[in-house]
Amino acid sequence: MKKITDILLALTLATLALTAISCEENEPEITGIEPFFRIKFINQDSISTLNDSIAIINAELEAIADSLVVIDTLENRDEDADFSENKEALNAYKKLLNEDKTELNAIITLINSGKVQVTSVRAQNGIATLVYEDSLSLYRLPLNTNADFSRFIVTIDDQEYSLDAYYTREIREEERYVVIKAYDFNIPDYTQFDSLKISQRDSTNFSSNEATATAYF
Amino acid sequence: MKPLLQHIFSILLLSLLCQVSFAQADVDEDAGTATDTLVIEIDAGPSIFIDYGKLLTIPTDFETKFEAGLSFRFKNRLSPNIQVGMGKLEPGGAINNGTYLSEGWYGRIGINYLMPIDNKSMLYAGAKYGMSMFDESGTYEIGSDLWDNYKDGFSYEGLQADWFEVILGSETKLDNHWSIGGYISLRILNKRDKPSPVNTTLTPIDTYAIPGYGRAFDNTTPAVNVYIRFSL
Chain C
12 MKKITDILLA LTLATLALTA ISCEENEPEI TGIEPFFRIK FINQDSISTL NDSIAIINAE
72 LEAIADSLVV IDTLENRDED ADFSENKEAL NAYKKLLNED KTELNAIITL INSGKVQVTS
132 VRAQNGIATL VYEDSLSLYR LPLNTNADFS RFIVTIDDQE YSLDAYYTRE IREEERYVVI
192 KAYDFNIPDY TQFDSLKISQ RDSTNFSSNE ATATAYF
Chain S
2 MKPLLQHIFS ILLLSLLCQV SFAQADVDED AGTATDTLVI EIDAGPSIFI DYGKLLTIPT
62 DFETKFEAGL SFRFKNRLSP NIQVGMGKLE PGGAINNGTY LSEGWYGRIG INYLMPIDNK
122 SMLYAGAKYG MSMFDESGTY EIGSDLWDNY KDGFSYEGLQ ADWFEVILGS ETKLDNHWSI
182 GGYISLRILN KRDKPSPVNT TLTPIDTYAI PGYGRAFDNT TPAVNVYIRF SL
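Top line first, the protein sequences correspond to chains C and S.
All residue numbers for the first sequence refer to the working numbering, where the first residue is 12 and numbers rise by one.
All residue numbers for the second sequence refer to the working numbering, where the first residue is 2 and numbers rise by one.
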């Protein structure tokens, strides 16, 4: 009798364990596995404007330097001549120009880092619009897994730009996830952007996940 | 999931060990009462058995199994046996972003060598050859914040696998006809088909579970079976 009782107890425990497993929720994890690419936006127009301003400052600095040379020459010719006030004024202006130049260079460095406030990214024929509240250096854009083409409408400072990405999809299993990879990735069309280049670590399959695009506007 | 499966494995192993300990206790009792040398006899003849551990999977939603067999015992302690089973496996971890089903029939043929402890209990060791024919199918979904989700599925039919098993078990009689027992086995995969796409163009997803064998990506896998036997 003891034997049968113990066996029944073991069976009961096993049944409880199996029931506990069957009650576990096992929701599929479907997010974060789509193909994507990264993109950086560089405000090239602003950089050009800033560079023009720096060029003007440099010209001013050269003029100041020339003026100081002239003043030195005049002082050497006439020992009684006093140009100290002029020299002070020129040096003060020179200092101000150098401060402005340093500030403009810092802004150029910041823009070159790609830290841009993108207002939104919308997918043409997609289901949603990504809205950004903070400026980022690098944006991660998911590709359309239902087609070999994705068009993105990017809004920066009320100006709309578009990007057309082309790729070849391949479905495969990776670490017990069925994923889609986008190979032969390219962005041949980029309306309103001045230029665009893609740096690609994967030079064999041109996988989108390994690509970083830089768009200049 | 994995710790819980290990928990079940432990419970079933415990059940097997209990039976061995019962058998040993019976031997001790017999030793205390018997005054003469015990004469051990093998009950020769056919018997049928059913794996009640597999029946426990029926109420679960991740697998359904059934397994029964036929064996014959000879006086020379050899016991050829044959088993047939079906498995419908839906392990949650097979496809993390979808569902998976492996379903099919399998059979095992083997021979055991019986080592009676007394006229009521015995240990045995043996070897088996197993073969499974099964189909696999599944669905998957890839979500997106910007685009419609991608949903598709796959189906592979007519897959086969075969393997060898070495087993060690124990059994004890409940009465003249009924016995209860269990065995642990080590399954060694011999060969299995690689899936090829049937209704989709995706790169074939490798087999995850083989009915009668277990997880396909393990070339060796341990198992525990518990059964109740009816001897004719």
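Glycine included, each C-beta is placed from N, C-alpha and C at the ideal position.
Since the structure is predicted, the reported quantities are computational estimates derived from the model, not experimental observations.
Assigned secondary structure, residue i (DSSP; H/G/I helix, E/B strand, else coil)
{"i": "Thr208(S)", "result": "coil"}
{"i": "Tyr53(S)", "result": "helix"}
{"i": "Asn113(S)", "result": "strand"}
{"i": "Glu99(C)", "result": "helix"}
{"i": "Ile43(S)", "result": "coil"}
{"i": "Val81(C)", "result": "helix"}
{"i": "Lys76(S)", "result": "coil"}
{"i": "Asn222(C)", "result": "The sequence shown places Ala at residue 222(C), not Asn. Ala222(C): strand per DSSP, three-state reduction."}
{"i": "Thr100(S)", "result": "strand"}
{"i": "Leu233(S)", "result": "coil"}
{"i": "Ser124(C)", "result": "coil"}
{"i": "Gln55(C)", "result": "helix"}
{"i": "Glu90(C)", "result": "coil"}
{"i": "Ala76(C)", "result": "helix"}
{"i": "Ser180(S)", "result": "strand"}
{"i": "Asn116(C)", "result": "helix"}
{"i": "Asp175(C)", "result": "strand"}
{"i": "Lys192(S)", "result": "strand"}
{"i": "Ile44(C)", "result": "coil"}
{"i": "Lys208(C)", "result": "strand"}
{"i": "Glu71(C)", "result": "helix"}
{"i": "Arg216(S)", "result": "strand"}
{"i": "Ser33(C)", "result": "Low confidence applies here, because Ser33(C) scores a pLDDT of 49, under 50, leaving its location unreliable and the question unanswered by this model."}
{"i": "Ile182(C)", "result": "strand"}
{"i": "Leu108(C)", "result": "helix"}
{"i": "Ala128(S)", "result": "strand"}
{"i": "Asp145(C)", "result": "coil"}
{"i": "Ile59(S)", "result": "coil"}
{"i": "Thr221(S)", "result": "strand"}
{"i": "Thr60(C)", "result": "helix"}
Residue of the options minimising C-alpha distance to residue i
{"i": "Tyr141(S)", "options": "Asp44(S), Asp62(S) and Gly93(S)", "result": "Gly93(S)"}
{"i": "Met132(S)", "options": "Gly111(S), Ile118(S) and Leu115(S)", "result": "Gly111(S)"}
{"i": "Thr173(S)", "options": "Ile185(S), Asn226(S) and Ser122(S)", "result": "Ser122(S)"}
{"i": "Phe163(C)", "options": "Tyr178(C), Tyr188(C), Arg183(C) and Asn136(C)", "result": "Asn136(C)"}
{"i": "Asp111(C)", "options": "Arg49(C), Arg133(C), Ile65(C) and Ser78(C)", "result": "Ile65(C)"}
{"i": "Ile229(S)", "options": "Ile96(S), Gly54(S), Trp148(S) and Arg74(S)", "result": "Gly54(S)"}
{"i": "Gly108(S)", "options": "Leu115(S), Met134(S), Ile168(S) and Glu91(S)", "result": "Met134(S)"}
{"i": "Arg183(C)", "options": "Pro60(S), Glu68(S), Asn98(S) and Ala224(S)", "result": "Asn98(S)"}
{"i": "Tyr101(S)", "options": "Tyr157(S), Ile181(S), Tyr184(S) and Met116(S)", "result": "Tyr157(S)"}
{"i": "Asn77(S)", "options": "Asp62(S), Ile51(S) and Ala45(S)", "result": "Ala45(S)"}
{"i": "Tyr194(C)", "options": "Thr166(C), Arg212(C), Thr225(C) and Asn109(C)", "result": "Arg212(C)"}
{"i": "Ser59(C)", "options": "Asn116(C), Asn216(C), Ser161(C) and Asp91(C)", "result": "Asn116(C)"}
{"i": "Thr130(C)", "options": "Ala70(C), Arg88(C) and Val142(C)", "result": "Val142(C)"}
{"i": "Glu42(S)", "options": "Asp119(S), Tyr184(S), Gly182(S) and Thr204(S)", "result": "Asp119(S)"}
{"i": "Ser171(S)", "options": "Asp149(S), Leu115(S) and Ile211(S)", "result": "Leu115(S)"}
{"i": "Gln55(C)", "options": "Leu85(C), Val127(C) and Asn69(C)", "result": "Val127(C)"}
{"i": "Lys106(C)", "options": "Ile68(C), Asp63(C) and Asp91(C)", "result": "Ile68(C)"}
{"i": "Ala69(S)", "options": "Asn82(S), Phe63(S) and Thr61(S)", "result": "Asn82(S)"}
{"i": "Glu91(S)", "options": "Tyr125(S), Lys195(S) and Glu137(S)", "result": "Glu137(S)"}
{"i": "Ser197(S)", "options": "Leu160(S), Val225(S) and Gly215(S)", "result": "Leu160(S)"}
{"i": "Ala224(S)", "options": "Tyr214(S), Glu64(S) and Tyr209(S)", "result": "Tyr214(S)"}
{"i": "Arg74(S)", "options": "Ile49(S), Thr208(S) and Asp207(S)", "result": "Ile49(S)"}
Any non-hydrogen atom of the ligand HEM within 7 Å of residue i CB
{"i": "Arg183(C)", "result": "Ligands displayed in this structure: none; no statement on the ligand HEM is therefore possible."}
Same chain only: Cβ atoms within 6 Å of residue i, ignoring 5 sequence neighbours per side
{"i": "Lys152(S)", "result": "Glu142"}
{"i": "Lys66(S)", "result": "Lys55, Thr58 and Gly88"}
{"i": "Ile96(S)", "result": "Gly139 and Tyr141"}
{"i": "Arg133(C)", "result": "Thr140 and Ile164"}
{"i": "Ala35(S)", "result": "Low per-residue confidence applies at Ala35(S): pLDDT is 46, beneath 50, and the placement is therefore not dependable enough to give any value."}
Residues near residue i in its chain [Cβ-Cβ closer than 7 Å; skip 5 each side]
{"i": "Ser57(C)", "result": "Ile122"}
{"i": "Pro4(S)", "result": "At Pro4(S), the pLDDT of 46 sits below 50, so the modelled position is not reliable; the number obtained from the coordinates is stated separately. Nothing listed; no residue qualifies."}
{"i": "Leu78(C)", "result": "It is worth fixing the name first, because residue 78(C) is Ser in this sequence and not Leu. Result list for Ser78(C): Leu101, in chain order."}
{"i": "Tyr184(S)", "result": "Ile168, Leu169, Gly170 and Asn226"}
{"i": "Ser124(C)", "result": "Ser148"}
{"i": "Pro61(C)", "result": "The residue you asked about is not Pro; residue 61(C) is Leu in the sequence shown. Correct list, in chain order: Leu115, Ile118 and Ile119."}
Proximal residues to residue i (C-beta, below 8 Å), its chain only, five neighbours per side dropped
{"i": "Lys208(C)", "result": "Ala224 and Thr225"}
{"i": "Thr166(C)", "result": "Val129, Thr130, Ser131, Val132, Arg133 and Tyr172"}
{"i": "Thr156(C)", "result": "Glu45, Pro46, Arg180 and Ile191"}
* **Selection of the segment 119-149 of chain S by Cβ proximity to chain C, strictly under 7 Å** => Tyr141, Glu142, Ile143, Gly144, Ser145, Asp146, Leu147, Trp148 and Asp149
* Closer than 7 Å, Cβ to Cβ, to anything on chain S: give me those residues from the segment 143-177 of chain C, in chain order. => Pro153, Asn155, Thr156 and Asn157
* To do: Mind checking the segment 201-229 of chain S against chain C and listing, in chain order, the residues whose C-beta falls within less than 7 Å of any C-beta there?
  => Leu203, Thr204, Ile206 and Asp207
* Inter-stretch contact (C-beta, 8 Å, three-pair minimum) for the segment 179-198 of chain S and the segment 218-225 of chain S -> yes
* To do: Could you run through the segment 165-184 of chain S and flag, in chain order, every residue whose CB is less than 9 Å away from some CB of chain C?
  => Thr173, Leu175 and Ile181
* Asked: Counting Cβ pairs, one atom from each stretch, are 3 or more of them under 8 Å apart for the segment 141-151 of chain S and the segment 184-196 of chain C?
  -> Cβ pair count under 8 Å is three or more, so yes.
* To do: Decide if the segment 46-61 of chain C is in contact with the segment 138-158 of chain C; the criterion is three or more beta carbon pairs, one per stretch, under 8 Å apart.
  => yes
* Asked: If contact means a Cβ-Cβ distance below 9 Å, which residues of the segment 186-206 of chain C contact chain S?
  -> Going along the segment 186-206 of chain C in chain order, one finds Glu186, Arg187, Tyr188, Val189, Val190 and Ile191 with a Cβ nearer than 9 Å to chain S.
* In chain order, what residues of the segment 39-50 of chain C put their CB closer than 7 Å to some CB of chain S? -> Listed by position along the chain: Pro39, Glu40, Ile41, Thr42, Ile44 and Glu45.
* Is the number of C-beta pairs between the segment 168-187 of chain C and the segment 160-174 of chain S that are closer than 8 Å three or more? -> no
* Asked: Which residues, in order along the segment 74-107 of chain S, keep a beta-carbon less than 7 Å from a beta-carbon of chain C?
  -> Listed by position along the chain: Gly93, Gly94, Ala95, Ile96, Asn97, Asn98 and Gly99.
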